[in-house]
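Enquirer: Basically this note's numbering = 1-based index in the sequence shown + 23.
Cβ coordinates follow ideal geometry from the N, Cα and C atoms, glycine included.
Take this structure, written in structure tokens, and hold onto it; I'll ask about it next.
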Amino acid sequence: MPSLSLRINLDPDGRIGPGKIELLEQIAAFGSISAAARGMEMSYKHAWDLVEDMNRVFGKPLVAAQTGGRKGGGAQLTAVGLAVVGRFRAIERAASSAAAAHMEALQAEINAG
Numbered sequence: 024m025p026s027l028s029l030r031i032n033l034d035p036d037g038r039i040g041p042g043k044i045e046l047l048e049q050i051a052a053f054g055s056i057s058a059a060a061r062g063m064e065m066s067y068k069h070a071w072d073l074v075e076d077m078n079r080v081f082g083k084p085l086v087a088a089q090t091g092g093r094k095g096g097g098a099q100l101t102a103v104g105l106a107v108v109g110r111f112r113a114i115e116r117a118a119s120s121a122a123a124a125h126m127e128a129l130q131a132e133i134n135a136g
């Protein structure tokens, strides 16, 4: 069955998609940017760059990070970060629902081949 992948272009020069949203979800789950990066098989630097880019695009932090020390650092989503994840997933569900009949028709075309 075909699947739908959503990417949202944001003004003026940013975008969010499944990868950045998954990164935010992983940070929320693990409480750590480094653990989220490891879970997604990306470097910590790349994950941190993505977080900084999202913070810049939204003009406020989506992730609040505490630097490491004896007890180690950590990270958590801010209220804005949680809202962005929730809105993206809601948009994704709405788009999938709206496209379902067309996706089935595409699969029928493949099956008829």
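1) Counting only the same chain and skipping the five closest in sequence on each side, list residues whose C-beta sits under 8 Å from that of I31.
2) Classify S55 as buried or exposed, calling it buried when 16 or more other Cβ atoms lie within 10 Å of its own Cβ.
3) Out of S57, E127, E45, point me to the one whose CA is closest to K68's CA.
4) Nearest to L46 by alpha carbon, out of G97, A106, Q130, V74?
5) With DSSP collapsed to three states, give me the class of R110.
6) In the structure shown, what three-state DSSP assignment does R38 receive?
7) Pick from A87, Q130, M65: whose alpha carbon is nearest that of A102?
8) My guess is that L29 and A118 are in contact by the Cβ rule of under 8 Å, so how many angstroms apart are they, rounded?
9) Could you tell me the distance, in whole angstroms, from the CA atom of I44 to the CA atom of G62?
10) How should A135 be labelled, buried or exposed, when 16 other C-beta atoms within 10 angstroms of its C-beta is the threshold for buried?
11) Run through DSSP, which three-state label would G54 get?
Expert: Taking the definition as stated:
1) For I31, the CB contacts under 8 Å within the same chain, skipping 5 residues up- and downstream, are R38, I39, G40, F111, I114 in chain order.
2) S55 comes out buried.
3) Closest by alpha carbon: S57.
4) For L46, the nearest C-alpha among the options comes from V74.
5) Note: R110 maps to helix in three-state DSSP.
6) Looking at R38 - three-state DSSP - the assignment turns out to be strand.
7) Among A87, Q130, M65, the Cα nearest to that of A102 belongs to A87.
8) With a Cβ gap of about 6 Å, L29 and A118 count as contacting.
9) Using only the alpha carbons, I get a separation of about 14 Å.
10) It counts as exposed.
11) Coil.
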